[in-house]
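Note sheet for the following structure.
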């Protein structure tokens with residue numbers, strides 16, 4: 001009897017403290033890439049902060065899905081713009097991940113060095129191909145492309161060396177002839193193209209005629225449960241940012257460029273940015289079928305033994 | 001075939017040394033305690049979520065799939081061990097050769113010893129991983145960059161050990177060698193080197209552990225081909241902490257096994273040279 005009373009009391013205390021602990025900050029993770037444009041535009045135009053009201057927005061910039069997933073696992077990030085690869089891996093390992101919305105589709109291209117002699121996917125045999133990081137979204141796509149063309153990565157007994165190089169460093173790696181080709185998200189593809197390098201895989205031929213997610217928004221499931229209003233407000237701001245990008249691309253490009261300047265100290269040629277924009281689609285919808293196929297490619301690439309059922313991870 | 005006769009101290013050890021099985025049993029017990037504590041913290045008490053600290057069972061799954069799994073993506077640990085060992089043995093061989101030559105030169109020529117000797121000690125204090133960015137720029141994102149770091153780390157202890165050992169050879173031996181008619185080369189090959197074998201072996205053992213650590217550090221940053229370092233990176237990138245821990249365990253086991261082998265050789269040589277008096 002006493003024990004029962006104690007238990008009830010304990011439950012009560014826990015519930016009340018949980019209710020009182022409404023988050024004071026929303027910690028947001030994203031990359032300085034065009035495929036994360038809704039984050040860049042939302043930050044530049046103050047859309048997120050406005051929607052969150054008194055709650056402070058703490059935006060953190062990451063260079064790869066790996067470090068972002070680590071921060072997510074350590075509970076240092078509440079909401080994140082991330083590629084489907086790391087998001088699916090996180091879900092498969094049992095992290096408290098919820099897919100909140102889509103952000104961008106396509107927007108990844110396969111660029112070859114101008115003097116590499118590569119003309120088609122089949123010529124990638126024996127070459128060194130860079131991806132942003134091993135196991136990331138572009139790496140998984142690249143392994144699928146190789147598979148479709150009868151090629152194999154070196155680690156699986158084939159001839160193609162897949163090496164992780166941060167997109168910002170690919171230009172230097174091309175100049176030094178250390179890398180022959182790369183599968184990169186925009187705007188890096190368009191920037192490499194502006195230097196005379198060739199796109200042999202457009203955003204459409206990379207996979208599924210371009211109908212694949214490149215960036216999604218995920219939220220920590222525990223955070224979402226404790227702060228439903230904050231998550232709804234953020235989702236509304238994200239939707240507004242995507243609508244703004246689709247309604248006034250020129251304004252969005254200006255916003256993206258000035259945010260990139262603040263983050264990376266470098267501005268992108270407006271023509272490059274425009275081309276990169278034309279290869280990326282911005283949307284809030286989540287394509288479960290495409291995500292599920294991605295999870296299967298993840299298994300095909302050897303990064304997981306089984307594809308998780310993603311439906312329970314989609315936030316209703 | 002007749003068994004080689006026992007040396008006096010081998011006989012002594014049999015009688016008074018601690019029984020070998022006792023040491024083995026206590027080591028086994030220690031392992032069981034560690035495994036038990038690990039299992040208790042992760043699988044039983046669930047103090048950490050599995051994506052932060054997986055239990056021994058999950059790690060064992062990765063090890064077993066990685067070593068003898070037969071699926072299309074299995075067996076990766078085995079091939080990674082193969083190529084990492086090939087790399088480290090190549091680098092180690094070069095390091096030993098280079099280190100011996102440099103050590104010989106340093107012992108023979110004082111100006112080289114006072115200049116290069118000091119620098120080598122300085123370079124040795126720089127962690128191998130610090131050389132990786134330079135190696136990448138200098139040699140490219142490839143195997144040679146990894147070998148460079150391995151050789152650089154491995155050859156210094158060998159060079160220092162060889163030069164130190166040669167200098168510590170008692171002068172009486174030199175004099176005796178010369179008196180008995182050894183030329184400069186004969187003196188080195190037949191008197192000085194054999195006399196310094198115990199110290200050189202200690203250097204070789206240090207060089208091994210340096211080279212092995214440098215290899216994994218280099219592979220971690222110069223991923224791109226099958227290696228233990230790449231598996232660590234893949235495990236990290238795919239949120240597969242079990243794979244990360246499995247790889248760490250394999251790295252430790254291989255490093256430890258080689259060290260044990262070298263230690264046994266060293267102990268053997270020290271006994272044969274009468275440097276170790278068994279308790």
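Residue numbers (UniProt numbering), protein chains in the order written: chain A, 1 to 316; chain B, 1 to 279. Glycine residues also receive a C-beta, built at the ideal position from the N, C-alpha and C atoms.
The alpha-carbon of residue 181 of chain A is positioned some 44 angstroms away from that of residue 260 of chain B.
Here the alpha carbons of residue 164 of chain A and residue 95 of chain B stand approximately 29 angstroms from one another. Taking 9 angstroms as the upper bound on Cβ-Cβ separation, chain B lies near residues 134, 135, 136 and 139 of the region 134-151 of chain A. DSSP lists A/112 as the beta-bridge partner residues of residue 198 of chain A. Against chain A, the CB of residue 237 of chain B has a partner CB under 9 angstroms away; the residue lies at that interface. For the C-beta of residue 90 of chain A, the chain B residues within less than 8 angstroms are, from N- to C-terminus, 51 and 239. Taking 7 angstroms as the upper bound on Cβ-Cβ separation, chain B lies near residues 161, 162, 163 and 164 of the region 159-175 of chain A. The three-state secondary structure of residue 105 of chain A, taken from DSSP, is strand.
Between residue 91 of chain A and residue 308 of chain A a beta carbon distance of about 6 angstroms is seen, short of the 8 angstroms cut, so the two are scored as contacting.
Neighbours of residue 143 of chain B in chain A, taken as residues whose beta carbon is under 9 angstroms from its own, are absent, since the nearest beta carbon is some 10 angstroms off. Going by DSSP, residue 119 of chain B is part of the alpha helix (DSSP H) stretching over 110-124. Inter-segment contact for the region 74-89 of chain B and the region 124-137 of chain B is absent: fewer than three beta-carbon pairs are separated by less than 8 angstroms. Here residue 217 of chain B is not near residue 72 of chain B, since their CB atoms are 9 angstroms or more apart. From the beta-carbon of residue 302 of chain A, the residues of chain B found nearer than 7 angstroms are 73. In the three-state reduction of the DSSP assignment, residue 47 of chain A falls in the helix class, which pools H, G and I. Cβ atoms of residue 174 of chain A and residue 271 of chain A stay farther apart than 8 angstroms, at about 20 angstroms. Here the alpha carbon of residue 55 of chain B sits roughly 5 angstroms from the alpha carbon of residue 42 of chain B. For residue 140 of chain B, the nearest CB of chain A lies under 9 angstroms from its own CB, placing it at the interface with that chain. Rounded to the nearest angstrom, the Cβ distance from residue 203 of chain B to residue 176 of chain B is 25 angstroms, too far for a contact under 8 angstroms. Here residue 213 of chain A is buried: its Cβ has 16 or more other Cβ atoms, across all protein chains shown, within 10 Å. One alpha carbon belongs to residue 121 of chain A, the other to residue 104 of chain A, and they sit about 25 angstroms apart. With fewer than 16 other Cβ atoms from the protein chains shown falling within 10 Å of its own Cβ, residue 26 of chain B counts as exposed.
DSSP places residue 74 of chain A in the coil class of the three-state scheme, outside both helix and strand. The secondary-structure analysis by DSSP pairs residue 183 of chain A across a beta bridge with A/110.
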